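Each residue of the sequence shown is one higher than the one before, counting from 1 in the working numbering.
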Amino acid sequence: MTSSSSFLVSPSTPTGNNRRIELAGMDLWLMTRIDNVFVYPSEIKIDQLKEALSQTLSLWPLVAGRTILENDQHYIIEMCDNPIPITLIINNDLKESPLDSNVLVEANDKSFPTFIDEVQVMKLFKNSSDDEPLVRLKLTHIVQSDEWVLGISWYHALGDAAPCLHFSNTLSRFYQGMEPTPPLPIFERRLWREDEAKQPVLPIPIQFQNPQSIEKAIKLFGEHQSNYDTLDLHFSGEQLATLRMLAGGNHVTTHDALAAYIILTLNTYCYKNNDERRILHAITIVNCHGVSDCIAPQSEVSNALFMMLSENFDDPYSLSNIAMTIRRSINQARDPKVLESEIAIIDGFMRKNAKDNTTPNSELVPNEFAINSNYRYDWANLVDFGFTDKC
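Structure below.
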């Protein structure tokens, strides 16, 4: 038996003033969300949560905005201080949370969606009279275990995982009566011009050169869920340190070494005699926030994801060669002069996708290994609502 109630939470102080922020092409992930679920061992007080959200929205007026599409090409969020919904569920049926401690949950997991009030992405940028919220919260009390589960659904066009985590962390800190962690969010962003897209220095990923329809992407996503299983690998800190030492020491990161180890393992034991499947290069999704203030400042609420294609590995059976090749490609993507032109090119592809109702191609690319992402976000500790090491 379950019962539910809903609340609309407005900013404690209206700060949006109907300012308009036009989105860059890089922001136009129009059909996607970031959904997170946090499980806590005891009560999240609903009134305290509402007050914390109200304070957070005053600091983040973009989240309390509405979408506008002008002339079929200008994608705008108007900061109009709209309320954000919180749904409260009292669940007497479940014995405990069905979610385990794995950070990633399979998209076809049947329990996960029950803890999320999904942002209705299909309703956004339709210029309708009903303003679909850009963020939705759902709080579930599992009575038998006294666990409290908070689901946060975030519209991807607002920003990537970095600002999503920044917002969630601010909510957690206000709930605890703490000041938000600086720096404060920045909403204005650079709009890239066509004449800034010069001859590319770095290779343009085929995912952008050969987009696919939304319908095909959805169909392919379903096929991936049916045909592939998740493999969870667990490494100790000591093992990761050893891997890094073997892969190149201080010349590579732990992340480079881990990716190289997985590639090497697949090439050695799965693809040794398979020319079509042998991994010869990597594509890494890197986050460009903080690389240069003229591209995307650290606290900018935007999408600053860039797909970095590596060169082919000189030796696809060498841990150090694979790791160093990946690191070299990422270092190239950290050069602001190179990055500006490359982002302008991708920005153009993303604008064309939005106009044509297409999306970057998600089909598997022969000989390619995709890595997402170059950062590890400490979601549980940064959104713990005071339950230290228990979220």
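The C-beta atom is built at its ideal place from N, Cα and C for all residues, glycine as well. Keep in mind it's a predicted model, so treat the numbers as computed, not measured.
Query	Result
First through last residue of the beta strand (DSSP E) which encompasses His281	281 to 287
First and last residue of the uninterrupted alpha helix (DSSP H) at Tyr261	254 to 269
Trp379: first and last residue of the uninterrupted alpha helix (DSSP H) it sits in	379 to 382
7 Å Cβ cutoff met for Ile279 and Phe369	yes
Chain-order list of residues whose beta-carbon lies under 6 Å from that of Ser341 (same chain, five-residue window excluded)	Lys198
DSSP three-state assignment for Met1, whether helix, strand or coil	coil
CB of Ile142 within 7 Å of CB of Leu220, strictly	no
Which listed residue (Asp389, Tyr40, Glu223) has its alpha carbon closest to that of Phe115	Tyr40
Anticipated Cβ contact below 8 Å, Pro182 with His166, distance rounded	Not a contact, Cβ separation roughly 10 Å.
Which of helix, strand or coil DSSP assigns to Phe167	helix
Rounded separation between Leu231 and Glu106 - CA only	11 Å
Chain-order list of residues whose beta-carbon lies under 7 Å from that of Trp192 (same chain, five-residue window excluded)	Ala24, Gly25, Ile343, Ala344, Asp347
Other residues of its chain near Glu196: CB distance less than 7 Å, five sequence neighbours each side excluded	Glu340, Ser341, Ala344
Status (buried if at least 16 other CB within 10 Å, exposed otherwise) for Asn169	buried
Close-in-space but distant-in-sequence residues of the same chain around Asn18 (CB under 8 Å, 5 per side omitted)	Glu78, Met79, Cys80
Whether Pro133 touches Ile86 by CB criterion (7 Å)	no
Selection from Asn108, Tyr175, Lys352 that minimises the alpha carbon distance to Asn227	Asn108
Pair within 7 Å by beta-carbon distance, Val119 and Arg136	yes
Endpoints, the beta strand (DSSP E) within which Met204 is located	Per the sequence presented here, residue 204 reads as Ile, with Met not at that position. Taken as a continuous stretch (DSSP letters only), Ile204 belongs to no beta strand (DSSP E), as it is neither H nor E.
N-terminal and C-terminal residue of the alpha helix (DSSP H) that Phe349 is part of	336 to 356
Beta-carbon contacts of Ile330 that lie in its chain and below 7 Å, excluding the five residues immediately before and after	Thr284, Val286, Met308, Asn374
Rounded straight-line distance, which links the Cα of Asp146 to that of Glu96	8 Å
Three-way DSSP call (helix, strand, coil) for Lys138 in this model	strand
Boundaries (first-last residue) of the alpha helix (DSSP H) holding Asn244	It is Arg, not Asn, that sits at residue 244 in the sequence shown. Per DSSP, Arg244 belongs to the alpha helix (DSSP H) from 237 to 247.
Assumed close pair Asn353, Pro211 - CB separation to whole angstroms, cut-off 8 Å	5 Å
Local conformation of Ser42 per DSSP, three classes	coil
Asn381, buried or exposed, once every other Cβ within 10 Å from all chains shown has been counted against 16	exposed
Alpha-carbon spacing of Asp130 relative to Cys164, whole angstroms	24 Å
Asn273 burial status per 10 Å Cβ neighbour count (16 or more: buried)	exposed
Backbone secondary structure at Arg173 - three-state DSSP	helix
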